[in-house]
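Position in the sequence shown counted from 1, then plus 8, gives you this note's numbering. Below is one structure, written out as structure tokens; the observations come after it.
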Amino acid sequence: MHDEKEILISQFIDNELNLDEKIEFVQEVRQSEDFTSEALEMLEQEKLLEKAYNTPAPSLPKAKQKPKVIKVSFANTASLTALAASLLLVVKVFFLTPETMPDNKELHRFVLHMPGAENVSVAGSFSAWQNIKMQQAGGSGYWQVSLPLSEGEHTYSFIVDGKEQMADPTVSARQMDDFGGENSILKVGDKV
């Protein structure tokens with residue numbers, strides 16, 4: 009019976025009892041003076057153990073740090089200079105060099121008569137098929153834009169009101185595209 013009491017007291021201290029078992033424990037403590045004194049002794053022992061485990065760890069002295077001394081030598085300076093020059097060269101070559109544009113570009117004027125249109129664009133191999141907006145020429149119904157084109161053969165189409173694609177009606181050279189439509193063919197310069 010003595011071992012059972014110790015186990016019950018230990019479970020109460022460690023909060024391992026459910027509510028019914030806690031009620032039974034309190035009733036037992038109130039009825040038996042031996043049980044009460046044993047429970048109080050174990051609680052005092054728990055306080056001592058908790059105090060022993062909760063003492064702060066001793067502080068360690070801080071290590072003294074010596075200041076770092078960087079020796080400046082010709083080799084270090086030369087290495088850093090070479091590294092900086094290399095980085096500047098890489099930045100200049102890859103980030104600051106403008107795209108080289110061939111000098112042999114010709115200005116070509118695209119014109120379309122489309123009086124009822126809200127907007128007209130031209131797209132072609134020269135613009136990676138990105139739409140380039142055309143400007144209305146007065147109130148005459150003509151739309152136009154002038155673009156620098158490199159020598160060679162270019163294919164293009166007009167896009168009317170953002171949805172209708174059509175070949176240039178003034179150019180007879182045409183080819184079918186992969187979507188069932190027609191593109192106009194324009195030859196610029198001597199290279200074809």
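Ideal placement from N, C-alpha and C gives every residue a C-beta, glycine not left out.
Scanning the stretch 91–148 for uninterrupted alpha helix (DSSP H) segments of 4 residues or longer gives nothing; none is fully contained. Remark: fewer than three beta-carbon pairs, one from each stretch, lie closer than 8 Å, so the stretch 133–141 and the stretch 172–188 are not flagged as touching. Under the three-state reduction of DSSP, Glu-159 is assigned to coil, being neither helix nor strand.
Looking at the DSSP output, Arg-182 bridges to Ser-192. DSSP, read as helix, strand or coil, puts Val-168 in strand. Segment contact: the stretch 151–158 against the stretch 112–119, three or more CB-CB distances shorter than 8 Å; contact assigned. Counted as a single uninterrupted DSSP element, the stretch harbouring Ile-78 is not any alpha helix (DSSP H), since DSSP gives it neither H nor E.
Nearest C-alpha to Ile-17 among Asp-42, Asp-28, Glu-46: Glu-46.
Assigned with DSSP and collapsed to three states, Gln-19 falls in helix.
A residue is called buried once 16 or more other Cβ atoms fall within 10 Å of its Cβ, and Tyr-164 is buried on that count. Counting along the chain, the unbroken alpha helix (DSSP H) around Gln-39 starts and ends at 27–39.
DSSP lists His-121 as the beta-bridge partner residues of Tyr-150. Assignment of Gln-53 by DSSP, reduced to helix, strand and coil, places it in the helix class.
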